[in-house]
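Chemist: Sequential numbering from 1371 applies to the sequence shown in the numbering used here. Every residue gets a Cβ at the ideal spot worked out from N, C-alpha and C, and that includes glycine. Here the structure is a predicted model, which means the values were calculated and not measured.
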Amino acid sequence: MARSAQRLSVGYRPGLFNAAESAGFLLGVAQLGFGLPLFLYAWHDWVQNDDPNVVLLAVGASLLVTGALGAGFRRRMRVPLRHLALCWMGVMGLLCQTATGSEPITFTFAWTPSLLALIAFAVIPAAQSLFYPAVFIPLSLIVLALHPGADPADVAMTSLLMLATGLGLSWFARSALLAETDELTGINNFAGFEQVLSAAMRDTAPTEPLSLVRLDINEFALVNRRRGREGGDMAIVTFVADVVKALPNAATMGRVEGDAFAILLPGFTAAAARELMERVQGQVAQFSAGISSREGSESESEFFGRAGKALFEAQRVGGRGKMIIHGGYYASPAAVRDGLRNGEFFLRFQAVVDLVTGAAIGAEALVRWQHPTRGLVSPAEFIPLCEASGSIVVLGEWVVRESVAEAANWRRLRGDADPVSVAINASARELTSAGYGEFVLAECASAGLPPALVHIEVTETHFGSDAAAVRDTIRVLRGAGVIISMDDFGTGHSSLSRLTEIELDVIKIDQSFVAAIDTERDSPVADLTIRLAATLGLQVIAEGVETEAQAEWLRERGCLLAQGFLYSRPVAADEFVARFLVQPVTRA
1371 MARSAQRLSV GYRPGLFNAA ESAGFLLGVA QLGFGLPLFL YAWHDWVQND
1421 DPNVVLLAVG ASLLVTGALG AGFRRRMRVP LRHLALCWMG VMGLLCQTAT
1471 GSEPITFTFA WTPSLLALIA FAVIPAAQSL FYPAVFIPLS LIVLALHPGA
1521 DPADVAMTSL LMLATGLGLS WFARSALLAE TDELTGINNF AGFEQVLSAA
1571 MRDTAPTEPL SLVRLDINEF ALVNRRRGRE GGDMAIVTFV ADVVKALPNA
1621 ATMGRVEGDA FAILLPGFTA AAARELMERV QGQVAQFSAG ISSREGSESE
1671 SEFFGRAGKA LFEAQRVGGR GKMIIHGGYY ASPAAVRDGL RNGEFFLRFQ
1721 AVVDLVTGAA IGAEALVRWQ HPTRGLVSPA EFIPLCEASG SIVVLGEWVV
1771 RESVAEAANW RRLRGDADPV SVAINASARE LTSAGYGEFV LAECASAGLP
1821 PALVHIEVTE THFGSDAAAV RDTIRVLRGA GVIISMDDFG TGHSSLSRLT
1871 EIELDVIKID QSFVAAIDTE RDSPVADLTI RLAATLGLQV IAEGVETEAQ
1921 AEWLRERGCL LAQGFLYSRP VAADEFVARF LVQPVTRA
């Protein structure tokens, strides 16, 4: 969503007072501008006539105070407070009319609702601004007409002028409303949604979550071909009505074009937005969606564009109802260091179990990120971003340090006669960085942990990245006794050639092949992998074991190690110790 270039100008433009700060400044200045001359007028009248008008003095002083407060706390002036300030000004104008009776200045105060309507049109949505001329102009005319001794001719002339002013302002507001509203569905069109997005990004603090969803109705072109233009329009109207009904009150939906829509979700992290849209999808026609969560310094176009990229990816990978989150560009080395310093990252450990005895012989360390604005971020989201930015090296060093320290504690609990290993995932970026192998060995030495109790897990695709540097690092690690595992075996490319190029100790069967196992169906790939590992003299671990039938199938074919929800989900270190190192093994 490109923001058009704007020249420096003092002229009004739509959205000029959308932001809390600018709206608060305008409302504060308006109250000060009304209150100061009013207070001076009442003070002068008191000095001249020795008969103070207490109401005018009080109203003038009150407006000065509230105007100063509004200007001072303008950054908090969101829409509900704007309505409160406008109603306050309207009531103060009516009080002034009442207090001045049949004096000529009463007609001056009678014009304040017109000014109030003009301010309302500037600081609140057009549809809501219609309330102020519709309510306060008639009230002002009633107060004017009920004054004892009021001249009917003066009242009539003032009424005509005020009504004309009110109708003119209402027409402007109505025109602005129509310009920002989709004619077919009644929700915001692209221009209207852009105004809402702009205001939300200005009003929402960087630490507050704000998510954006862009969606397309699946196979809508078929609907148009089968039902015609009118049928397609009706389908869109029904779809919008159903989605709006399922959204929270704070959400704003806009029609970008055709069957493309956008939804703004204040207070939602990307994960929460996805959960919401999954619930919505169960109630409406199926759609594909892209989701982004606002980054503190990004522009509206970047925020909107990232949701668009996620939607494009969701449509590209195929499948109806696909939703993809664009993780953003927040995982910079500086951000990761700050996160580590602030305790946002933590480890979970998933037990690797002996299928014969049921005892834990090790655990895989899995890193998690509790982001301050995004909530709990999936590793599938932030790990690729860390790899792309280079921050994976910083994060990886922390994971190695913490994992080795935990494994050293397990060794003290279990002793050398019954050791427990720790498996650490390593990215291609880490394996090709200078000194990675030496760093792992140094951490082992510092913690007093034998290198043989450390497993470094690398996926097949990582073996293909700068293969010479990867081989050199693995040679350093394996030469010192560290165990090297190939993770997600069978899902990458050229698996057999990798087995001949890289010295390995363990093959891990990917959970997608284990999931194929049940009481009636075999998994040929898992069976072949077990046989291949036995031929090459490699250990084999099955990932994603969830049923006793899968465990029995693996035992029968000679796979004796496994991890999965049947035994344990990833748990905190103290829970892993309590369940697997102190107490007998229990099923998850």
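1. Mark Ala1804 as exposed unless 16 or more other C-beta atoms lie within 10 angstroms of its C-beta, in which case mark it buried.
2. Which residues in the same chain as Asn1559 place their Cβ atom closer than 7 Å to its Cβ, once the five residues preceding and following it in sequence are excluded?
3. Exposed or buried, which one is His1863 when buried takes at least 16 other CB atoms within 10 Å?
4. Keeping to the same chain, check which residues put their C-beta closer than 6 Å to that of Leu1580; ignore five residues upstream and five downstream.
5. Quick one: what's Asn1558 bridged to in DSSP?
6. Express the C-alpha separation of Ser1791 and Ala1775 in angstroms, rounding to a whole number.
7. Run the CB neighbour count on His1414, radius 10 Å, all protein chains shown included, and call it buried at 16 or more, exposed below.
8. Considering only residues of the same chain and omitting the five flanking positions on each side of Val1764, which have a CB-CB separation below 7 Å?
9. Determine, using beta carbons only, whether Ile1826 and Val1852 come nearer to each other than 8 Å.
10. Taking C-alpha atoms, which residue in Pro1474, Ile1587, Arg1771 and Cys1756 lies nearest to Val1654?
11. Can you tell me which of Arg1445, Val1840 and Gly1463 puts its alpha carbon nearest to the alpha carbon of Val1425?
12. State the start and end residues of the unbroken beta strand (DSSP E) segment that holds Ile1877.
13. Count Cβ pairs between the stretch 1471-1483 and the stretch 1503-1516 that sit closer than 8 Å; are there 3 or more?
14. Between Phe1950 and Phe1638, what straight-line distance do the alpha-carbon atoms span, to the nearest angstrom?
15. Could you compute how far the alpha carbon of Phe1682 sits from the alpha carbon of Asn1594?
16. Which residues mark the beginning and the end of the beta strand (DSSP E) in which Ser1662 is found?
17. Let me check understanding here. Comparing Cα to Cα, which of Ala1850, Ala1787, Ala1677 and Gly1785 lies closest to Val1810?
18. Is the number of C-beta pairs between the stretch 1721-1729 and the stretch 1691-1698 that are closer than 8 Å three or more?
19. What residue range is occupied by the uninterrupted beta strand (DSSP E) comprising Glu1827?
20. What does the alpha-carbon distance come out to for the pair Ala1616 and Gly1652?
21. In the DSSP assignment, what residue or residues form a beta bridge with Gly1602?
22. Pop quiz: Val1947 and Leu1783 are said to be a contact at Cβ under 8 Å. What is the actual Cβ separation, rounded to whole angstroms?
23. What's the C-alpha gap between Val1566 and Ile1494?
24. Mind pulling the alpha helix (DSSP H) runs of 4 or more residues that sit fully within the stretch 1663-1711?
25. Taking Cβ positions, are Phe1563 and Ala1632 nearer each other than 8 Å?
26. Less than 8 Å between the CB atoms is what I'm expecting for Thr1436 and Gln1401, so what's the real figure, rounded?
27. Which residues mark the beginning and the end of the alpha helix (DSSP H) in which Asp1415 is found?
28. When the distance is taken between beta carbons, is Leu1486 closer than 8 Å to Met1447?
29. What number of angstroms, rounded off, separates the C-alpha of Ile1753 from the C-alpha of Gly1403?
30. For Ile1854, report the span of its alpha helix (DSSP H) as first-last.
31. Taking the C-alpha atoms as reference points, what is the distance between Glu1813 and Thr1917?
32. What number of angstroms, rounded off, separates the C-alpha of Ala1601 from the C-alpha of Arg1649?
33. Do you know whose CA, among Ser1510, His1696, Trp1481 and Tyr1502, lies nearest Val1583's CA?
34. Which one or two residues does DSSP pair with Trp1739 in a beta bridge?
35. So what does DSSP say about Tyr1382, is it helix, strand or coil?
36. In or out: Ala1490 buried (at least 16 other Cβ within 10 Å) or exposed?
Modeler: In brief:
1. Start at 1 with the first residue of the sequence shown, and residue 1804 comes out as number 434. So Ala1804 ends up on the exposed side.
2. The residue you call residue 1559 lines up with position 189 of the sequence shown. The residues are Glu1550, Thr1551, Asp1552, Gly1624 and Arg1625.
3. Indexing the sequence shown from 1 puts residue 1863 at position 493. In this predicted model, His1863 has a pLDDT of only 47, less than 50, meaning its place in the structure is not dependable enough to derive any value.
4. As a position in the sequence shown, residue 1580 is number 210, starting the count at 1. Cβ within range, chain order: Thr1574, Pro1636 and Arg1664.
5. Residue numbering aside, residue 1558 sits at position 188 when the sequence shown is read from its first letter. BP columns for Asn1558 point to Thr1551 and Gly1624.
6. Indexing the sequence shown from 1 puts residue 1775 at position 405. Indexing the sequence shown from 1 puts residue 1791 at position 421. Approximately 12 Å, taken between the alpha carbons.
7. The residue labelled residue 1414 in the question sits at position 44 within the sequence shown. The residue is exposed, with fewer than 16 neighbouring Cβ atoms inside 10 Å.
8. Against the sequence shown, residue 1764 aligns to sequence position 394. Around Val1764: Pro1703, Val1706 and Arg1707.
9. As a first step, residue 1826 must be located in the sequence shown, where it is residue number 456. As a first step, residue 1852 must be located in the sequence shown, where it is residue number 482. Cβ distance < 8 Å, so Ile1826 and Val1852 count as in contact.
10. One-based indexing of the sequence shown puts residue 1654 at position 284. For the residues Pro1474, Ile1587, Arg1771 and Cys1756, the minimum Cα distance to Val1654 belongs to Ile1587.
11. The sequence position of residue 1425 within the sequence shown is 55, counting from 1. Of Arg1445, Val1840 and Gly1463, the residue nearest in Cα terms is Gly1463.
12. As a working note, residue 1877 is residue 507 in the sequence shown. Looking at the DSSP string, the run of the beta strand (DSSP E) that includes Ile1877 is Val1876 to Ile1879.
13. yes
14. Walking along the sequence shown from the start, residue 1950 turns up at place 580. Walking along the sequence shown from the start, residue 1638 turns up at place 268. Roughly 37 Å separates the two Cα atoms.
15. By one-based count along the sequence shown, residue 1682 stands at place 312. By one-based count along the sequence shown, residue 1594 stands at place 224. Between Phe1682 and Asn1594, the C-alpha separation is close to 22 Å.
16. Within the sequence shown, residue 1662 is the residue found at index 292, counting from 1. Start and end: Phe1657 to Ser1663.
17. As a working note, residue 1810 is residue 440 in the sequence shown. Of the listed residues, the one whose Cα sits closest to Val1810 is Ala1850.
18. no
19. Counting from 1 along the sequence shown, the entry for residue 1827 is found at position 457. Val1824 to Thr1829 is the span of the beta strand (DSSP E), which, as asked, contains Glu1827.
20. In the sequence shown, counting from the first residue as 1, residue 1616 sits at position 246. In the sequence shown, counting from the first residue as 1, residue 1652 sits at position 282. Going from the Cα of Ala1616 to the Cα of Gly1652 covers about 10 Å.
21. Mapped onto the sequence shown, residue 1602 falls at position 232. DSSP, once it has assigned bridges, lists no residue as partnering Gly1602.
22. Stepping through the sequence shown from its first residue, residue 1947 is reached at position 577. Stepping through the sequence shown from its first residue, residue 1783 is reached at position 413. Indeed they touch by this definition, with Cβ atoms about 7 Å apart.
23. For the purposes of this step, residue 1566 is taken as residue 196 along the sequence shown, with counting starting at 1. For the purposes of this step, residue 1494 is taken as residue 124 along the sequence shown, with counting starting at 1. Taking the straight line from one Cα to the other gives about 11 Å.
24. 1670-1686 and 1703-1711
25. Here residue 1563 refers to the residue found at position 193 when the sequence shown is read from its first residue. Here residue 1632 refers to the residue found at position 262 when the sequence shown is read from its first residue. In this structure, Ala1632 lies closer than 8 Å to Phe1563 by Cβ.
26. For the purposes of this step, residue 1436 is taken as residue 66 along the sequence shown, with counting starting at 1. For the purposes of this step, residue 1401 is taken as residue 31 along the sequence shown, with counting starting at 1. Between Gln1401 and Thr1436 the Cβ distance is about 5 Å, and since that is below 8 Å, they are a contact.
27. Sequence index remark: in the sequence shown, residue 1415 carries index 45 (1-based). Segment Ala1390 to Asn1419, the alpha helix (DSSP H) holding Asp1415.
28. Stepping through the sequence shown from its first residue, residue 1447 is reached at position 77. Stepping through the sequence shown from its first residue, residue 1486 is reached at position 116. No. Outside cutoff.
29. Counting from 1 along the sequence shown, the entry for residue 1753 is found at position 383. Counting from 1 along the sequence shown, the entry for residue 1403 is found at position 33. Straight-line Cα distance between these residues: approximately 55 Å.
30. Locating residue 1854 in the sequence shown gives position 484, counting from the first residue. Element bounds for Ile1854: not the alpha helix (DSSP H) but the beta strand (DSSP E), Ile1853 to Phe1859.
31. Counting from 1 along the sequence shown, the entry for residue 1813 is found at position 443. Counting from 1 along the sequence shown, the entry for residue 1917 is found at position 547. Cα to Cα, Glu1813 sits roughly 37 Å from Thr1917.
32. Residue 1601 sits at position 231 when you count from the first residue of the sequence shown. Residue 1649 sits at position 279 when you count from the first residue of the sequence shown. Per the sequence shown, the amino acid found at residue 1601 is Gly instead of Ala. In a straight line, the C-alpha of Gly1601 is about 26 Å away from that of Arg1649.
33. For the purposes of this step, residue 1583 is taken as the residue at position 213 of the sequence shown. The candidate whose alpha carbon is nearest that of Val1583 is His1696.
34. As a working note, residue 1739 is residue 369 in the sequence shown. DSSP, once it has assigned bridges, lists Phe1715 and Val1747 as partnering Trp1739.
35. What you label residue 1382 is simply residue 12 of the sequence shown in a count that begins at 1. Confidence is the limiting factor: at Tyr1382 the pLDDT is only 48, short of 50, which leaves the residue's position unreliable, though a coordinate-based value still follows. Looking at Tyr1382 - three-state DSSP - the assignment turns out to be coil, as it is neither helix nor strand.
36. As a position in the sequence shown, residue 1490 is number 120, starting the count at 1. The residue in question, Ala1490, is buried, as its Cβ has 16 or more Cβ neighbours within 10 Å.
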